[in-house]
Amino acid sequence: MRIAIVDDNHTDRIFLREGLERILLKRNIENSEIHIFNSAEDILEYLKNEQETFFDLIFMDIYMEKLTGVDAAREIRKKDKKVKIVFITTSNEFASESYEVRAEDYLIKPYDKTRLENVMDRIFSEKKDGKILELKDGRKIIINSIVYTTFSGHYVTIFMSDGEQIQTRSTQKDFEKMMESFGQLIPSFKGVMVNLEQVDGIEEDRFRMKDGEFVPISRRKYGEVKKQYTDFLMRKLMEKEET
1 MRIAIVDDNH TDRIFLREGL ERILLKRNIE NSEIHIFNSA EDILEYLKNE QETFFDLIFM
61 DIYMEKLTGV DAAREIRKKD KKVKIVFITT SNEFASESYE VRAEDYLIKP YDKTRLENVM
121 DRIFSEKKDG KILELKDGRK IIINSIVYTT FSGHYVTIFM SDGEQIQTRS TQKDFEKMME
181 SFGQLIPSFK GVMVNLEQVD GIEEDRFRMK DGEFVPISRR KYGEVKKQYT DFLMRKLMEK
241 EET
């Protein structure tokens with residue numbers, strides 16, 4: 001795996017490189033290369049004579065002195081549509097720009113080791129798990145990492161297994177329609193969807209989740225929801241027997 005880090009802050013570059021080296025070592029990923037660039041101009045100069053970037057993953061700081069990370073990403077996208085780009089920023093106010101260049105994810109400074117590992121987990125898992133939800137801002141989410149979702153005030157809040165909460169503007173009806181192709185996410189209560197993959201058990205009026213949370217089940221829909229959960233467990237059991 002070839003990784004590029006583009007950041008004009010020396011301390012942040014070193015922290016990110018050391019964090020990535022630990023993750024790559026932990027996952028036994030050999031023949032990896034990490035290239036460091038001090039500015040957006042540096043990586044564009046490096047890639048100037050290349051037909052493709054030859055990078056699998058680029059960590060790109062957004063706010064640099066001259067050319068911004070978003071501008072650099074636009075140039076990179078002209079020659080490479082597949083390279084994964086993770087933005088590094090001090091703010092999440094760049095949704096439209098990240099959508100334009102199809103950013104994979106982002107890290108908000110100051111970021112910690114856990115957040116970095118979560119980002120890398122999603123990138124590695126995407127290669128193995130084809131169930132990916134792409135939000136309107138271009139951000140991609142691994143379906144199996146969703147615990148449950150809620151709806152309020154024109155926004156859906158997605159509660160992730162790592163504790164992160166992601167908001168996306170949508171009606172509940174439109175969001176449920178998006179989830180139809182992912183069989184394990186079902187509505188269990190008004191404005192609530194639950195990921196059956198994350199359920200640890202079912203009680204009279206709620207799901208007990210693997211992370212210790214509880215998700216309510218509508219009394220009116222209890223019979224239907226319970227059947228969906230039972231069918232899901234049966235499918236999982238049959239899949240295991242087949243393998």
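For the sequence shown, UniProt numbering assigns the number 1 to the initial residue and increments by one for each residue that follows.
Glycine included, every Cβ here is placed at the ideal spot set by N, Cα and C.
Since this is a predicted model, take the numbers as computed values, not measurements.
From I88, L47 and E30, residue whose alpha carbon lies closest to that of D8: Within the sequence shown, numbered from 1, the residue matching residue 8 stands at position 8. When only C-alpha atoms are compared, the closest one is I88.
Return the Cβ separation of N195 and Y229 in integer angstroms, given the expectation that the two are a contact with Cβ distance under 8 Å. Taking the first residue of the sequence shown as 1, we reach residue 195 at position 195. Taking the first residue of the sequence shown as 1, we reach residue 229 at position 229. Contact between N195 and Y229 fails: their C-beta atoms lie close to 11 Å from each other, not under 8 Å.
Residue range of the alpha helix (DSSP H) that K173 falls in? By one-based count along the sequence shown, residue 173 stands at place 173. Run containing K173: Q172 to M179, per the alpha helix (DSSP H) assignment.
Can you tell me where the beta strand (DSSP E) with Y148 in it begins and where it stops? The residue you call residue 148 lines up with position 148 of the sequence shown. I146 to S152 is the span of the beta strand (DSSP E), which, as asked, contains Y148.
Look up L67 in the DSSP assignment and say whether it is helix, strand or coil. In the sequence shown, residue 67 corresponds to position 67, counting from 1. Of the three classes helix, strand and coil, the one that applies to L67 here is coil, per DSSP.
Closest by C-alpha distance to L133, when choosing among D105, L24 and Y222: The sequence position of residue 133 within the sequence shown is 133, counting from 1. When only C-alpha atoms are compared, the closest one is D105.
Just the Cα atoms here: how many angstroms apart are P216 and G183? Taking the first residue of the sequence shown as position 1, residue 216 is located at position 216. Taking the first residue of the sequence shown as position 1, residue 183 is located at position 183. Roughly 19 Å between the two C-alpha positions.
P187 classed as buried or exposed, judged by whether at least 16 other C-beta atoms fall within 10 angstroms: Within the sequence shown, the letter at position 187 stands for residue 187. By the neighbour-count rule (16 or more Cβ atoms within 10 Å), P187 is buried.
To which residues of the same chain is R27 closer than 8 Å at the C-beta, ignoring the five residues directly before and after it? Numbered from its first residue, the sequence shown carries residue 27 at position 27. When the five nearest sequence neighbours on each side are left out, the beta carbons in the same chain lying within less than 8 Å of the beta carbon of R27 are those of F124, in order along the chain.
Suppose contacts are defined by Cβ-Cβ distances below 8 Å. Is residue 249 in contact with S152 by that definition? In this structure the chain extends from 1 to 243, so residue 249 is not present and cannot be described.
First and last residue of the alpha helix (DSSP H) that includes I43? Working through the sequence shown from its first residue, we reach residue 43 at position 43. Element bounds for I43: A40 to L47.
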